[in-house]
Every structure is written in structure tokens, then in C-alpha cells.
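Numbering (the UniProt record's numbering), first residue to last: 1 to 342.
Structure below.
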């Protein structure tokens, strides 16, 4: 069935549910803009010939002259139709928790049209824990890569996304450069991040070794380095002290390097101030302070100093690192090298 037809049927059912006094095809046509003929066809189809008849108590006004005995179509657009509904409506199909999560995943992967987004929101509220609903809404569903690029580690993406949604532990064999050998880890998967700087997916998680026994420190795992993965049947409680948005707030890269306190000055050239304010606001970081010379000064903690350095260099001479001294010297050295090659 075409999306447009599904939306039209849902729209009609929603309107009838909201009007216990009933609505005629004529009235529905004026509200929706669809023709009376199409609406009458839909109403007759739902009431008599479709699988929806067993789920929706839809019927025309029995007190009017035109008889309706359950097997005759109604052709008068002025006859009112009624939909019996409960306070808490039940779906036409009964889905298990796993099936609901699968349907939600499908809607997240293939965002529906604007008219059907309420269905996705409804599933989110019923499937996801309250703490995870906002994180899912904030998840960027559009990923743009060059044509033909294969996303690294994508073979584990579906399993991990479902594990995050269902709050299920995972066990994986993982390789990292600082490991002497492959390491088996048991994790609470807290979120997935696509980093466009490397074109790669990363898993954010906490190690778990038993009930209420986990390390309160988030670790970052590159999906391409996962050797094997098993989603376990055991569930966990999503930690209330963790927010994926806060975790990414001051992170310019996905490495696990320690945080660095920086002080940067931005000069007002080529709309630099506007770009800086926009980036810091998007991240939820403190705004920069206006200086007497018209420049902006920003102080804060960052993670991923290499990528932060690249961000600063993208502003050219309109950005100056004041602290730390090591980062300042490095940026000056890179800038000089670039200048000498011009």
C-alpha cells in the first residue's frame, strides 16, 4: 500500500476518533481536502473489506434512511460515520518488544515523511527508556559520504544500535594499538558516534564485570577494530550520570587523550566571530568573551588536541592560541611550514 494511501486512512481514522459525534464524508472532505468519493471508498473499504475491519469499530449512522446491514456500501456523502474508540487505543497488530525495536530501527534508518513521524515518536516513547529518548532525537540520521565509500566497521552497526536501544550488554574481541594482544571486553553500550573526520563509527561504552560492577569511565572503541561481537541476553540499566551529548560537548576527536585547558583569541575577519559563536553554541560550551580590541577570547577544556589544532588552523591568521604553550608553538610551526611552501 502506498504511503499516501496509508496516511490518508490514518488521517481519516484520527479525525473520526476526535469527533465522537461523527463526521460525514462531506465534512471529512472539507477538512482534509480529499474528494468525497475517495473518502467514501476508504470508509467502506475499512468497514467491510479490509483487515482493518476487525480492529476498528467503524460504522455509518444507522438511524438514517439508507440501510446498512454490514455487507452494503454507503454512497451518500451526507451520512455520518462513527468510530468507537477506547481511552487507551490498542494497535491493529500485536508486536513483541523485539519486533517493536526492529520497527523503530527501520523508521530511524529510513525516516518517514513528515505526516507519519508521529508513528516513530509513538514507538520511541513505548520502546525506549525515558532517559534515552532525547538522545535518539538528537542523533543525526543523515550521513553524507563520497559516492562508493564503504563505512569502516559498518558490519557491526545494526547489532550495536539495537543493543543500545534495548540496553543489552555486549561482549567483543577488540584490538587497539596500545594493546599487546587482542582483548576481550564486556561492555554497557551507551551510544554510537559517526565521526566525519575519519569517516568511521565509534562505540561509547563502559566496561561491565557484574551487577552494579562497572567502571564509571567511558571508553571509545573504533568499530573497524572489533574482531568479533556478541550481543548478550543480559540487560543493564542506562547510567543516569551519563549523557552522550555531554560526552561529545568538548570533544574535537574520538581518541582517548587526556583533556587540555586552552585559551584562544579570535579576530573578526571573514565572519570568523559568527562561525566561532555558532560552533561553541552548538556544542553547548560557554560563549567567548568580547575583548577591548574587538577580538573574542575563549577559554575551556577540550579533548582531541590534534583535531582541535586543525580547527584553529582553518581560521588562518584570524585565530591565535594563547595557551597552552606547547600547542601554540606547534600551530606556529605548522603555519610557518605552510607559508614557506606557498
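Where a beta carbon is used, it is the ideal one built from N, C-alpha and C, also for glycine.
Cα-Cα separation, residue i to residue j
i, j, result
"residue 58", "residue 46", "8 Å"
"residue 264", "residue 296", "8 Å"
"residue 294", "residue 267", "7 Å"
"residue 315", "residue 236", "44 Å"
"residue 160", "residue 175", "17 Å"
"residue 17", "residue 81", "10 Å"
"residue 227", "residue 291", "51 Å"
"residue 331", "residue 244", "30 Å"
"residue 254", "residue 284", "18 Å"
"residue 306", "residue 252", "8 Å"
"residue 186", "residue 224", "17 Å"
"residue 310", "residue 303", "13 Å"
"residue 262", "residue 313", "15 Å"
"residue 282", "residue 250", "11 Å"
"residue 118", "residue 20", "22 Å"
"residue 77", "residue 28", "9 Å"
"residue 111", "residue 158", "16 Å"
Integer Cβ distance of residue i from residue j, believed to fall under 8 Å
i, j, result
"residue 170", "residue 192", "Going by Cβ atoms, the distance from residue 170 to residue 192 rounds to 12 Å, so no, they are not a contact pair."
"residue 238", "residue 167", "6 Å"
"residue 10", "residue 83", "Not confirmed; about 12 Å, so no contact."
Buried/exposed call for residue i, threshold 16 Cβ in 10 Å
i, result
"residue 33", "exposed"
"residue 318", "buried"
"residue 338", "exposed"
"residue 44", "buried"
"residue 25", "buried"
"residue 288", "buried"
"residue 205", "buried"
"residue 39", "buried"
"residue 79", "buried"
"residue 189", "buried"
* **Contained beta strand (DSSP E) runs [length at least 3] in the UniProt domain "WCX" (258-338), N- to C-terminal order** => Correct list: 260-266, 296-302, 319-323.
* Asked: Unbroken beta strand (DSSP E) runs of length 3 or more, entirely within the UniProt domain "WYL" (156-230): which are they?
  -> Along the UniProt domain "WYL" (156-230), the beta strand (DSSP E) occurs as fully enclosed runs of 3 or more residues at 168-174, 183-195, 200-210, 219-222, listed in sequence order.
* Asked: Counting Cβ pairs, one atom from each stretch, are 3 or more of them under 8 Å apart for the region 225-233 and the region 269-278?
  -> Judged by pairs of C-beta atoms under 8 Å, the region 225-233 does not touch the region 269-278, as fewer than three such pairs exist.
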